[in-house]
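The next block holds one structure in the form of structure tokens; read it before the comments.
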Amino acid sequence: MLSVLFVDDEPNILRGYKRIFHARRKNWQIHLAGSGAEALKLLEETHVDVIITDMRMPGMDGARLLNIIRLRYPHIIRIILSGQSDEEEIMNSVLATHRFLSKPTDPQTIREAIEQSVSFREKTGNAQIRGVVSQIDHLPSLPELYLEIENILRREDFELKEVTSVIEKDMAMTASILKLVNSAFFGIPRKVSTIQEAVSYLGVVLIKSLVLNHSLFSTGLQGPHPDFIRRLWQHSNETVRHALCLARGCFREQEVVDEITLAASVHDIGMLIIANSLPGEFAGIQRQSLAGNIPAHSVEQEVLQTTHAAIGAYLAHLWSFPPAVVELILHHHDSAINFKPLFILHLADVGAQQTLNDNYGFPQESLDKNSMSLFNKSDPSLNATFKDCLNKGWNDD
104 MLSVLFVDDE
114 PNILRGYKRI
124 FHARRKNWQI
134 HLAGSGAEAL
144 KLLEETHVDV
154 IITDMRMPGM
164 DGARLLNIIR
174 LRYPHIIRII
184 LSGQSDEEEI
194 MNSVLATHRF
204 LSKPTDPQTI
214 REAIEQSVSF
224 REKTGNAQIR
234 GVVSQIDHLP
244 SLPELYLEIE
254 NILRREDFEL
264 KEVTSVIEKD
274 MAMTASILKL
284 VNSAFFGIPR
294 KVSTIQEAVS
304 YLGVVLIKSL
314 VLNHSLFSTG
324 LQGPHPDFIR
334 RLWQHSNETV
344 RHALCLARGC
354 FREQEVVDEI
364 TLAASVHDIG
374 MLIIANSLPG
384 EFAGIQRQSL
394 AGNIPAHSVE
404 QEVLQTTHAA
414 IGAYLAHLWS
424 FPPAVVELIL
434 HHHDSAINFK
444 PLFILHLADV
454 GAQQTLNDNY
464 GFPQESLDKN
474 SMSLFNKSDP
484 SLNATFKDCL
494 NKGWNDD
């Protein structure tokens with residue numbers, strides 16, 4: 104049974120939650136707390152899977168409560184309800200919260216946020232992995248890119264396109280900025296999937312303050328695998344180059360092109376999480392993969408009971424990435440692909456490995472021949488686009 108805790112200082116709202124979700128009593132165990140202190144006391148005695156708290160409460164606000172829960176109970180999925188918020192509240196909440204919901208929120212939105220988050224969590228294998236992913240508030244950026252964006256933002260005359268150019272090269276910055284802009288704090292009616300659009304929404308003043316004053320990004324290659332992480336960044340950027348050429352040649356819908364390109368940028372973010380947060384397990388996976396010439400995701404499933412694809416998709420879901428992008432990340436190592444955007448991501452992933460002659464220390468993968476045969480028969484234009492991109496050196500200028 105799913106255990107859900109609602110926290111609000113207004114008794115009428117708590118009674119409303121109990122009444123609204125009474126119909127789910129066979130599957131949900133509902134707990135109520137009238138303050139942050141009451142919630143923490145309840146958590147000492149009760150297992151909880153999901154917490155939903157109001158932002159503004161007397162005494163301990165929602166952000167402070169969730170920051171404590173993040174450290175003490177990392178397995179709990181943390182959702183915050185917020186109306187209008189200032190810059191300080193935004194940053195305090197971004198680091199503590201998985202999902203943001205704007206007030207007022209209808210019951211269906213709350214239910215979907217809970218059930219979708221739990222569904223993705225179950226795909227990530229053991230409790231240790233779930234705890235690792237749930238605790239993440241930053242991912243490490245390449246030091247030189249972090250320094251570059253800091254230097255740009257400290258100038259008086261910088262332009263947003265300069266900021267965009269740096270963020271697009273860094274999967275960690277990309278993930279952090281999209282988590283922020285897709286939160287309910289900004290009230291954007293649809294999910295944003297490009298850094299250019301995200302930066303435009305946030306604007307010069309807010310981006311400068313968030314990066315320089317509130318540490319929106321973090322620097323440093325933590326853990327014992329810095330060389331691998333650098334090679335992973337190279338692979339990410341090369342995959343984007345391949346994916347962009349293929350997607351633009353195959354789709355007229357800019358939204359689909361943007362989703363494929365974003366997925367290409369962060370498709371292996373789960374691998375970054377494993378290397379950075381579980382360095383011992385990562386080293387063992389890499390050794391076993393190389394020794395047996397076995398794909399990394401197959402060894403991960405054996406060792407971790409999950410894969411970097413599922414781990415990355417779980418984080419992307421928690422961080423409010425567009426659903427189509429989450430699905431592309433989750434399935435990018437599937438076999439017998441029959442979904443065109445996913446196959447384009449597969450082509451770009453394998454093509455990047457071949458171009459770099461490197462799969463960041465793991466055995467290089469090959470194209471899924473069954474999928475290739477399927478698309479050659481059903482969609483000859485894809486093969487033509489592939490050859491065109493190959494002839495252009497994967498440049499789509």
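According to the working numbering, the sequence shown holds residues 104 to 500 in order. Note that CB positions come from ideal geometry on N, CA and C, so glycine has one too.
message: Quick check on DSSP: helix, strand or coil for T156?
response: Working through the sequence shown from its first residue, we reach residue 156 at position 53. DSSP places T156 in strand when its eight states are reduced to three.
- prompt: Taking DSSP as the reference, what is the three-state secondary structure of V406?
  reply: As a first step, residue 406 must be located in the sequence shown, where it is residue number 303. Helix at V406.
- prompt: Is it buried or exposed for P292, if we count other Cβ within 10 angstroms and need 16 for buried?
  reply: In the sequence shown, residue 292 corresponds to position 189, counting from 1. With fewer than 16 other beta carbons inside 10 angstroms of its own, P292 counts as exposed.
message: What does the alpha-carbon distance come out to for the pair L477 and D471?
response: Reading the sequence shown from its first residue, position 374 is the one you call residue 477. Reading the sequence shown from its first residue, position 368 is the one you call residue 471. Looking at the two C-alpha atoms, the distance is approximately 10 Å.
message: Rounded to whole angstroms, what is the Cα-Cα separation between V284 and G395?
response: Walking along the sequence shown from the start, residue 284 turns up at place 181. Walking along the sequence shown from the start, residue 395 turns up at place 292. Rounded to the nearest angstrom, the two C-alpha atoms are 42 Å apart.
message: Do I213 and L204 count as a contact pair if the criterion is CB distance below 8 Å?
response: Position 101 of the sequence shown, counted from the first residue, corresponds to residue 204. Position 110 of the sequence shown, counted from the first residue, corresponds to residue 213. Against a cut-off of 8 Å, the Cβ pair of I213 and L204 comes out as a contact.
query: What beta strand (DSSP E) runs, 3 residues minimum, are completely inside the region 151-233?
result: 153-157, 180-185, 202-205
task: Using a threshold of 8 Å, state whether the C-beta atoms of L169 and A216 are closer than that.
output: Along the sequence shown, read from residue 1 onward, the residue named residue 169 stands at position 66. Along the sequence shown, read from residue 1 onward, the residue named residue 216 stands at position 113. Cβ distance not < 8 Å, so L169 and A216 don't count as in contact.
task: Would you check if the distance between the CB atom of N195 and the CB atom of A166 is smaller than 8 Å?
output: Here the question's residue 195 lines up with position 92 in the sequence shown. Here the question's residue 166 lines up with position 63 in the sequence shown. By the CB criterion at 8 Å, N195 and A166 fall inside the cutoff.
- request: Could you tell me how far apart the beta carbons of H449 and S474 are, in whole angstroms, since I believe they sit closer than 8 Å?
  value: Along the sequence shown, one-based indexing puts residue 449 at 346. Along the sequence shown, one-based indexing puts residue 474 at 371. Confirmed, about 7 Å.
- request: Measure from the alpha carbon of G234 to the alpha carbon of each residue in V359, A419, D240, I179, then state which is nearest.
  value: Here residue 234 corresponds to residue number 131 of the sequence shown, with the count starting at 1. For the residues V359, A419, D240, I179, the minimum Cα distance to G234 belongs to I179.
task: Could you have a look at A275 and say whether DSSP puts it in helix, strand or coil?
output: Your numbering for residue 275 matches position 172 in the sequence shown. Three-state DSSP puts A275 in a helix.
- request: Verify whether the separation of the beta carbon atoms of I123 and P210 is less than 8 Å.
  value: Counted from its first residue, the sequence shown places residue 123 at position 20. Counted from its first residue, the sequence shown places residue 210 at position 107. Going by beta carbons, I123 and P210 fall inside the 8 Å limit.
field: Own chain residues within Cβ distance below 8 Å of L242, not counting five before or after
entry: Against the sequence shown, residue 242 aligns to sequence position 139. For L242, where only same-chain residues beyond five positions count, the Cβ hits under 8 Å are M274, A275, A278, S279, S321, I372, L375, I376, N379.
query: If you draw a straight line from the alpha carbon of L381 to that of V107, how long is it in whole angstroms?
result: If you number the sequence shown from 1, residue 381 lands on position 278. If you number the sequence shown from 1, residue 107 lands on position 4. The straight-line gap from Cα to Cα measures roughly 29 Å.
query: Using the C-alpha atoms, what's the distance from G496 back to A230?
result: Mapped onto the sequence shown, residue 230 falls at position 127. Mapped onto the sequence shown, residue 496 falls at position 393. C-alpha separation (whole angstroms): 44 Å.
- request: Return the chain-ordered list of same chain residues with a C-beta closer than 8 Å to the C-beta of V266, the five sequence neighbours on each side being excluded.
  value: The residue labelled residue 266 in the question sits at position 163 within the sequence shown. The answer, listed in chain order, is I252, I255, L256, V302, I310.
field: Proximal residues to M158 (C-beta, below 6 Å), its chain only, five neighbours per side dropped
entry: Taking the sequence shown and counting its residues from 1, one reaches residue 158 at position 55. The residues are G165, I183, S185.
field: Which listed residue (E191, S368, Q457) has its alpha carbon closest to that of S312
entry: As a first step, residue 312 must be located in the sequence shown, where it is residue number 209. Proximity to S312 across E191, S368, Q457 peaks at E191, based on C-alpha coordinates.
- prompt: Who are T149's beta bridge partners in DSSP?
  reply: Locating residue 149 in the sequence shown gives position 46, where the first residue counts as 1. Answer by DSSP bridge pairing: none, since T149 is not bridged.
- request: Kindly indicate the opening and closing residues of the alpha helix (DSSP H) around W336.
  value: As a first step, residue 336 must be located in the sequence shown, where it is residue number 233. Per DSSP, W336 belongs to the alpha helix (DSSP H) from 329-353.
task: Can you say whether N479 is buried or exposed, counting buried as having 16 or more other CB atoms within 10 angstroms of its CB?
output: To locate residue 479, count along the sequence shown from 1; it is residue 376. The residue in question, N479, is exposed, as its Cβ has fewer than 16 Cβ neighbours within 10 Å.
query: Between L445 and Y176, what straight-line distance do the alpha-carbon atoms span, to the nearest angstrom?
result: The residue labelled residue 445 in the question sits at position 342 within the sequence shown. The residue labelled residue 176 in the question sits at position 73 within the sequence shown. Distance between the alpha carbons of L445 and Y176 is about 35 Å.
query: From this set, F385, I172, A455, which residue's C-alpha is nearest F344's C-alpha?
result: Here residue 344 corresponds to residue number 241 of the sequence shown, with the count starting at 1. One point to set straight first is that residue 344 is Arg, not Phe, in the sequence displayed. Cα-wise, what sits closest to R344 is A455.
- request: Report back the beta-carbon spacing between L393 and P466 to the nearest angstrom; my notes put them in contact at under 8 Å.
  value: Along the sequence shown, read from residue 1 onward, the residue named residue 393 stands at position 290. Along the sequence shown, read from residue 1 onward, the residue named residue 466 stands at position 363. Going by Cβ atoms, the distance from L393 to P466 rounds to 7 Å, so yes, they are a contact pair.
- request: State the DSSP-derived secondary structure class of A439, mapped to helix, strand or coil.
  value: Looking up residue 439 in the sequence shown gives position 336. In this structure, A439 counts as coil in the three-state DSSP scheme.
- request: Consult DSSP for V235 and reduce its assignment to one of helix, strand or coil.
  value: Counting from 1 along the sequence shown, the entry for residue 235 is found at position 132. Three-state result, V235: helix.
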